[in-house]
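The letter at position 18 of the sequence shown is residue 18 when you use our numbering, and the numbering goes up by one with no holes.
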Amino acid sequence: MFRQMLGGVSNATYFKPYLRYDFIQEDSEAWGFQLSTIYGYALEEDATPGKDNSLGLEMDFELFIEEFDRFRWSFIYAVFFPMGAFDVLDQGGALIAEPSAAQLLQMNFGFKF
């Protein structure tokens with residue numbers, strides 16, 4: 001939500017619980033998954049296009065393989081459900097449009113050094 005949709009955290013607070021499970025956990029590597037959700041809340045509703053505090057809810061699922069001090073590979077699926085803060089209003093405050101859900105598929109690979 002914050003990185004892809006908004007470009008950073010500004011005028012917001014968020015709650016992000018997650019669950020991580022490692023199928024393999026050894027001294028040198030870990031294979032597993034992580035489920036997380038993020039709920040964003042705007043501190044000042046007047047700073048949002050929809051004049052609402054609720055930014056939205058994002059749910060993420062990540063599979064990963066990590067070899068400590070060498071590399072990390074991950075595959076991520078995310079879905080974002082925008083709420084009232086992203087609505088488009090006219091000058092009188094009437095609703096013109098509501099955004100629909102956004103999805104993301106991402107694969108990351110990085111070397112650690």
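Quick reminder that beta carbons are idealized off the backbone N, C-alpha and C, glycines included.
With distances taken between CA atoms, Tyr14 lies nearest to Thr37 out of Leu89, Thr37 and Arg20. Residue environment: Asp60 is assigned as buried (16 or more neighbouring CB atoms within 10 Å of its CB, all protein chains considered). In the DSSP assignment, no residue is bridged to Ala85. Rounded to the nearest whole angstrom, the CA to CA distance from Gly56 to Asn108 is 25 Å.
Note on geometry: alpha-carbon atoms of Pro82 and Ala101 lie some 6 Å from one another.
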